[in-house]
Amino acid sequence: TGQKTACEVLLFHHEDMGIPWEIAKLGVRQGMWGAVKKIDPGLRAYQKARAASAPLSSAASMAHITTKVSPDYLRSLLSSDDHTETQVAPVEQKKEGGINMPKVLMLGGA
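Take 446 as the starting number for the sequence shown in the working numbering and just add one per residue.
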C-alpha cells in the first residue's frame, strides 16, 4: 500500500541499556509503564509491516542513522542460543586544547 507504519520502536531491557534496576523500577513507578503498554499495539503493527517488507518511516530511518547499536549486533542477539555476551563501547577521547568555560545567559526586564 506504500503507507508508513504507525509506530516503529526498538525496545531494550534495562540491563541491555545499562540502566540500573533501581532506576528502571523508579520509571515504572512514575507512570512510564503505561507508555510501555501503549507501545505494544504499535510494535505489533511494526512487526507485521517489516515482515511484509514495507519501507521504513522517516523516524525509523533516522533511528538507524543515529543509533550506536549496529543492526548486526541486534541480529546476533536474536540468533544466539542463550549465550550471554558483553560488548564494551570504546570511550570517546576528550578534545585537547579546549577550555571548558561555563556559559551563562542572563535576561532582565524593567
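For glycine and all other residues, C-beta sits at the position ideal for the given N, C-alpha and C.
With DSSP as the reference, label residue i as helix, strand or coil.
i      : result
Ala572 : As displayed, the chain neither begins before 446 nor continues past 555, which places residue 572 out of reach and without an answer.
Ser503 : helix
Val454 : Caution applies to Val454, whose pLDDT of 45 falls short of 50 and renders its modelled position unreliable; the model cannot decide the point.
Ser524 : helix
So, at 7 Å on beta carbons, what are the nonlocal neighbours of residue i in its own chain, with the 5 sequence-adjacent residues on each side left out?
i      : result
Pro516 : none
For residue i, I'd like the list of residues in its chain whose CB is within less than 6 Å of its CB, leaving aside the five on either flank, ordered along the chain.
i      : result
Ala508 : none
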